[in-house]
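Visitor: Right, I'll just put the structure down here and ask away after.
Number of protein chains: 4
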Amino acid sequence: MNRRFVSDGHLVDSGILPKILNVIIQEGAEYRIVAFKIGQTNLQPSHLEFELLCDSDEQLFSLTKKLVQLGCYEKTLSEGLIRRSEIDGAVPDDFYSTTNHRTEVYLDGRWQEVANQRMDGVIVITDRGPECRLLRDVRKGDRVLCSSESVRVFPPERDRQSDIFSFMTGEVSSERSVDVAVAEIAEDLAEHRAAGRKVVVVAGPVVVHTGGGGALGDLFRGGYVQGLLAGNALAVHDIESVLLGTSLGVDMKTGRPTHEGHRNHLRAINTVATYGSIAAAIEAGALTRGIMYEVVSRRIPYCLAASIRDDGPLPEAETDMIKAQARYAEIVKGATMVLMFSSMLHSIGTGNMLPSWVRTVCVDINPAVVTKLADRGSSQALGIVSDVGFFLRALRDQVFRGAPEKAESRS
Amino acid sequence: MNRRFVSDGHLVDSGILPKILNVIIQEGAEYRIVAFKIGQTNLQPSHLEFELLCDSDEQLFSLTKKLVQLGCYEKTLSEGLIRRSEIDGAVPDDFYSTTNHRTEVYLDGRWQEVANQRMDGVIVITDRGPECRLLRDVRKGDRVLCSSESVRVFPPERDRQSDIFSFMTGEVSSERSVDVAVAEIAEDLAEHRAAGRKVVVVAGPVVVHTGGGGALGDLFRGGYVQGLLAGNALAVHDIESVLLGTSLGVDMKTGRPTHEGHRNHLRAINTVATYGSIAAAIEAGALTRGIMYEVVSRRIPYCLAASIRDDGPLPEAETDMIKAQARYAEIVKGATMVLMFSSMLHSIGTGNMLPSWVRTVCVDINPAVVTKLADRGSSQALGIVSDVGFFLRALRDQVFRGAPEKAESRS
Amino acid sequence: MNRRFVSDGHLVDSGILPKILNVIIQEGAEYRIVAFKIGQTNLQPSHLEFELLCDSDEQLFSLTKKLVQLGCYEKTLSEGLIRRSEIDGAVPDDFYSTTNHRTEVYLDGRWQEVANQRMDGVIVITDRGPECRLLRDVRKGDRVLCSSESVRVFPPERDRQSDIFSFMTGEVSSERSVDVAVAEIAEDLAEHRAAGRKVVVVAGPVVVHTGGGGALGDLFRGGYVQGLLAGNALAVHDIESVLLGTSLGVDMKTGRPTHEGHRNHLRAINTVATYGSIAAAIEAGALTRGIMYEVVSRRIPYCLAASIRDDGPLPEAETDMIKAQARYAEIVKGATMVLMFSSMLHSIGTGNMLPSWVRTVCVDINPAVVTKLADRGSSQALGIVSDVGFFLRALRDQVFRGAPEKAESRS
Amino acid sequence: MNRRFVSDGHLVDSGILPKILNVIIQEGAEYRIVAFKIGQTNLQPSHLEFELLCDSDEQLFSLTKKLVQLGCYEKTLSEGLIRRSEIDGAVPDDFYSTTNHRTEVYLDGRWQEVANQRMDGVIVITDRGPECRLLRDVRKGDRVLCSSESVRVFPPERDRQSDIFSFMTGEVSSERSVDVAVAEIAEDLAEHRAAGRKVVVVAGPVVVHTGGGGALGDLFRGGYVQGLLAGNALAVHDIESVLLGTSLGVDMKTGRPTHEGHRNHLRAINTVATYGSIAAAIEAGALTRGIMYEVVSRRIPYCLAASIRDDGPLPEAETDMIKAQARYAEIVKGATMVLMFSSMLHSIGTGNMLPSWVRTVCVDINPAVVTKLADRGSSQALGIVSDVGFFLRALRDQVFRGAPEKAESRS
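Here you go:
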């Protein structure tokens, strides 16, 4: 039960080589290195070839899966094993499940790249080639990739430039100055805007409660962000803060609880419901600033995904989770940077859809949120533990310092 | 702009009296006590009458709202102000928004109790009397209660018995022995079962990850719980742990990551999808134990509310949030005890629907969850900071110690 | 076993009245209200007289203790019970242990105020009158107050002005804008400086790691703070950041880990050790800015209390905890405001020494710290959950905005 | 400015190889692999030789330091650079500061192992060979190792057996079943006892508050632990719980706050002070069970390090931090396993003294504690996030299940 595997690339500095060898030992199998050529300098790739020695077919089967996820592929190339789905929404038992890394399948005698890469999907072979698909979107008769024998995965290589992402990734600590992170992200935002690339923001209502709503609105207004993924609560509290000057019933200016108490969010919902929609309220001149104002009036794509704990929800909220996930996926498609502010639920939801090569930054006052995001597979996320209100205002100031003409209407 | 208010009940030991006077001072108004008769012993109610002196109509209007929430009502009774809704899903601007406390409205010359009490609703006057309703369920033409002048709220009085709820409520601390709480809740569960009352559990997947799944299943099997409110993930990880012996890809017995890695939850979903549903998988003999097995095979009412971060979801998951909220509300109706285990999202969602007189216990390893639940209005919740796996097993052992004949199949 | 108690003051709006009645019920005793006169307006005090009915002497004894802590005193005044200590550092079994609230003892026919009020002390009757003393400072032969029968405690009344302390106390939440708190504290600092009152800062090394060191130094330089209580680590990391430009080995400007790695704090310690002391290093021109520079060169009283986890420690660190506590107590004496930044250990240590009428603000990114401080008795502390680096810089900016001439050397 | 380095050992599966190459890139230097021979199987070591190309002497100097910490050493061996200290407690500027990994110095033509390895020390060359020493213990005239050119560090290799330490290290998650960890640690404890090896426990007062005191006492009584490192508070609350049946004033049996309130810890201190010491109280028969009873009566070495926040402290507490650190170091010397329960301060203090090859387990309900311990250099610590009371009782039960004859007096 031996099998020979090959792996190429930046195996050493990316830390993948030890992972390969360790997984074999942990599973109780053995390896014999056949060849290893290390890149002489950091620009040259390495090449590894090894013999895997297993006790059983089951062990071989399971180890192959794991090795493939680490970028190994079998030396003796064989065509991808394809089976047809027999039921809508289900696939054969030995289906290949995807990671969020770039993936190729050996089909028709050549490696073919998988489209729409995301984690926790299956691969369907269509006329256009192999594609990632959610289990629920598989239809009876679809040709589903099974086994992992003919798959090649490209785990992300460490960014060779010494930028913030290369050295901060994986660090989660509240005890570091976040100024450096603010500066680097501001620079990234400027570059993205200049290059016409897509930045998407995921945001929770804490953005509003901590006084970061104005700064986030400014980033939309300045053309730095091209999509908003949130829940119903972000919009409700944003609109409450604009219409009634409170957030969770606390006066945003004086910090004092106000007369309407903590029920003000219901008044905001009722106001929007009276107009019929956020868009209608804007059109009628009832809503004239804030995050949702910037997003809706500038026709920036957004989705407010409803949840079980929502009041309202607002007319614009998407209450069907299948549709909400589809809309999220559509908005996030093609994004090269995603900023997540204080929303574990929507951040994990978005992280599930992102390929691992998208720059992802997650800012939260709670270190557990960042840890959880990485645990759930979005290991590319740079975690910053800070006060999100302060952070957003510092980011806005830094961004507009580089482009002051945009800053006229800061709040 | 003076107005005379009255309040009766256990104003002193419940701590309501200082709240009444402080809110007046905080809002910048003044009061003059007209009469105060304190209950001579703790069994006798107190009676308060005071003159409220305001500077403006706006202040009077806003303070009245707050005083009503604290159980005051105007001395000169007047009929409730009713306006008709002019649009589906919206109400007049000055609508009365509900708390989760028992509430009465003065209508037709008498105090009438509001049905279906919950927080963040409006009150509609129907032929059956006043009823709580969600904003979105209001129809054009409905008779909506406006202003708070003719409303009387009964904030919860401290339980006079010295039980765990009376002295632990409000405490959130990981530095207390939880043994006492386990013992008291076990006793409560036994009493509820004996009396045929309804207990509902809200649970997150951490129950499974921490090894508490077997214990929770036993509580359902033993007839101690009559409803389950959860998300898709609880069911997925429960079924994964039963079918594949792993939780998040970690072997539940050895604690070692297993060959299928963290994608095992997808295999669980695919298995269920292949059978068509959890119920079908049980019927086919493919699923023979675990939380969902106990719940589905015993026809215990449940709802799995989907969310934006779900994989799958399972066929039984409710993907529409409007329907999920309706189903949650239906299941929780009439419950006299709700136990919440490690799910902030679903706990807050459930808390929103509960009247404040339902015993609510929230167990989580993260103190912030308990704090947040109370912040969101479910101030009756008893928070216990502990390891939920250990807690559930201790609770199960304690419950079955009192009723050992039920304990045959513990796992 | 009945006894008659009296209480006067703002019993209602301070929330003390319900506490009095509830403690009686919780202990299983009963009360009968003899008289209750509520203050007609919020400026008038209330008066309560009640009969306490107990089952046993033990219950009476224990309840009396608790009632006294809530401000009740026995109607039939009797002289304080005094026993002599028979051993150095120990007192008779029934000794009275102090709270941090203002306290009086009935001696020589009149109420006498206790000096040096702090929690967890005993009361010794000296020639100057009753004084708080630590157990360990009691000497054989000292006259120690025993029992609580002749003690009168004045729990803090809610500040009647609607300032930040009156409405924020007790709130711990990261989801509120901290801008309001910054503004109010800045105003307080300005008032304290103008009035020549004493402000003391407690600070942990996170102040430096998060980039708040310059701002804190500015507050000392500006004359806004008159004492510093910290540990060895604050000074080490402050000096490291100034001498080597790093904090925990991370470059403060670029955010990148630097060549000397995380051992730079040892180099800072060695440098100071080479000069002999921080003061000598300053004198030699080796240390020219930073927190310790400002404090030492301005002769602002400070104490660096060593701990079991210290490296070094620096020559100025006080390694004996008895002496460190004495020095802390000396520095904090007479302070009317204490600001605590990210140091649970030193904040609790300081909190133990503070009378409850000192304004205390605790800023930490971790909500548990604030909760713990209150749990340990410093219930007067206003907790602010935020990023302490951002917070300090915002506070500095706000303070100097009101007094711009002081701002020249901000860093 | 080139230099040739060599490294041998399990470079690949331990993950050290990528670290070596990455640190060179991050510092802006370059490398050229001269030779790399990978171990053909996981039992064979690898061998690496590379040319380091630097731009400046400073870069070379700093990179050498870092490479040495990763186990590299210069190919052209030269004698260690030694300078004499000119002042007590200080060393020359270019001193070598230690890690907690096994270290050798090239002296007298051969590699010599450093004694008393610990982090953040310096190396003094004595007649017995090189030794780790604290900066403050260096005396004028001592021969201090400078520069890192002739140093060889052995970073810990991953344990090749697939035990809990090899796969759990580095994981910090509350969402895993801790049962596996309990079982493995129980087995380890049994093995240690059988082999006569030394286990030391670090414990905070939360052990008592959460009801784990009896279980910890049992472990001492059963001969499973040979040393206790704690603060004053652990002993105070342990003695309080035994003498008065409360912990922080809460009755351990009923969970109810008791008559003496939260001042009971003062009574415990006073009782011990009356007897003169814990030992005297035990001898007098006043203290007959609990953690301190087991430890003191069995003459198990212990140290109670005082801190700035202590009440008392107890006579046995060590109030001088220099002495406390020395006593901690003495007790921990030779330990092969250290268990840390809920005490960040004492755990970090102990971690500072431990060589990296000592098995270290840290149990705390707060994930931040475990993270911080690793951040401070004790990266070998296995973190378990759980309720420490439940954990200790489960551990005790598991330990005594394997050795039931010891279990007679569990409480």
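Protein chains in written order, with the working numbering: chain A, 1237 to 1647; chain B, 1237 to 1647; chain C, 1237 to 1647; chain D, 1237 to 1647. All C-beta atoms in this analysis are idealised placements derived from N, C-alpha and C, irrespective of residue type, glycine included. If you're wondering where the values come from, they're calculated on a predicted model, not measured in any experiment.
#1: Compare the C-beta of C:S1543 with all C-beta atoms of chain B and state if any pair is closer than 9 angstroms.
#2: With H, G and I counted as helix, E and B as strand and the rest as coil, what does DSSP make of A:R1534?
#3: Cα-Cα, which of D:C1382, D:I1601 and D:L1550 is closest to D:H1473?
#4: Whose C-alpha, out of C:A1541, C:I1261 and C:A1553, is nearest the C-alpha of C:I1514?
#5: Compare the Cα-Cα distances from C:D1291 to each of C:S1314, C:I1261, C:L1523 and C:M1237 and report the closest residue.
#6: Taking Cβ positions only, does C:A1417 come closer than 9 angstroms to chain B?
#7: Measure the CB-CB distance between C:R1375 and C:S1321 and report whether it falls below 9 angstroms.
#8: Between the C-alpha atoms of B:V1270 and B:A1426, what's the straight-line distance to the nearest angstrom?
#9: Whose Cβ in chain C lies nearer than 8 angstroms to the Cβ of B:A1604?
#10: Return yes when the Cβ of B:E1287 is within less than 9 angstroms of the Cβ of B:V1242, no when it is not.
#11: Can you find a CB in chain C that lies within less than 9 angstroms of the CB of A:G1325?
#12: Check whether the region 1258 to 1269 of chain A and the region 1307 to 1322 of chain A touch, using three or more Cβ-Cβ pairs below 8 angstroms as the test.
#13: CA-CA distance, D:T1524 and D:I1518?
#14: State the CB to CB distance for the pair D:D1546 and D:A1469, rounded to an integer number of angstroms; the pair is presumed to be in contact (CB under 8 angstroms).
#15: Does C:G1625 get closer than 9 angstroms to chain A when you measure Cβ to Cβ?
#16: Please state whether DSSP places B:N1352 in a helix, a strand or coil.
#17: Mind checking if D:F1286 is an interface residue toward chain C, Cβ cutoff 9 angstroms exclusive?
#18: Is there a Cβ of chain C sitting closer than 9 angstroms to that of D:L1502, yes or no?
#19: Along chain D, which residues have their Cβ under 8 angstroms away from the Cβ of A:F1272?
#20: Taking the straight line between their C-alpha atoms, what separation do you get for C:K1642 and C:F1636?
#21: Given this structure, state the Cα-to-Cα distance separating C:R1369 from C:E1566, to the nearest angstrom.
#22: Output needed in chain order: residues of the region 1562 to 1581 of chain B with a Cβ under 8 angstroms from some Cβ in chain A.
#23: Taking Cβ positions only, does C:P1591 come closer than 9 angstroms to chain D?
#24: Tell me the DSSP secondary structure of D:E1658 in three-state form.
#25: Between D:S1592 and D:P1441, is the Cβ-Cβ spacing less than 9 angstroms?
#26: Compute the Euclidean distance between the alpha carbons of C:L1575 and C:L1631, then round it to the nearest angstrom.
#27: Would you mind stating whether B:S1622 and B:G1587 have Cβ atoms separated by less than 9 angstroms?
#28: Determine the DSSP secondary structure at B:I1544, reduced to helix, strand or coil.
#29: Answer with yes or no whether the minimum CB distance from B:I1261 to chain C is below 9 angstroms.
#30: Just reading off the beta strand (DSSP E) that B:L1343 is part of, what are its end residues?
#31: What separation, rounded to the nearest whole angstrom, lies between the Cα atoms of C:G1307 and D:H1445?
#32: Less than 9 angstroms between the C-beta atoms of D:G1619 and D:I1527, yes or no?
#33: Scan the region 1237 to 1261 of chain B for residues whose Cβ lies nearer than 7 angstroms to a Cβ of chain A and list them as they occur along the chain.
#34: By DSSP, does B:A1571 sit in helix, in strand, or in coil?
#35: Measure the alpha-carbon distance for C:D1600 versus C:A1560 and round it to whole angstroms.
#36: Could you please give the first and the last residue of the uninterrupted alpha helix (DSSP H) stretch that includes D:G1449?
Guide: Quick answer:
#1: By the rule that beta-carbons nearer than 9 angstroms mark a contact, C:S1543 does not touch chain B.
#2: A:R1534 falls in the coil class under three-state DSSP.
#3: D:L1550
#4: C:A1553
#5: C:M1237
#6: no
#7: Yes, Cβ-Cβ distance for C:R1375 and C:S1321 is below 9 angstroms.
#8: 48 angstroms
#9: P1603
#10: no
#11: no
#12: No: fewer than three Cβ pairs fall under 8 angstroms.
#13: 6 angstroms
#14: 7 angstroms
#15: yes
#16: Three-state result, B:N1352: coil.
#17: no
#18: yes
#19: Listed along the chain, the chain D residues whose CB falls inside 8 angstroms of the CB of A:F1272 are F1272 and I1274.
#20: Because C:K1642 sits at a pLDDT of 44, beneath the cut-off of 50, its placement in the model cannot be relied upon, and the following sentence gives the value as read from the coordinates. Straight-line Cα distance between these residues: approximately 6 angstroms.
#21: 14 angstroms
#22: Y1564 and L1581
#23: no
#24: Because residue 1658 of chain D is not part of the residues shown, which for chain D are 1237 to 1647, the question remains open.
#25: no
#26: 12 angstroms
#27: no
#28: coil
#29: yes
#30: R1338 to L1343
#31: Rounded to whole angstroms, C:G1307 and D:H1445 show a C-alpha spacing of 29 angstroms.
#32: no
#33: none
#34: strand
#35: 23 angstroms
#36: G1449 to R1457
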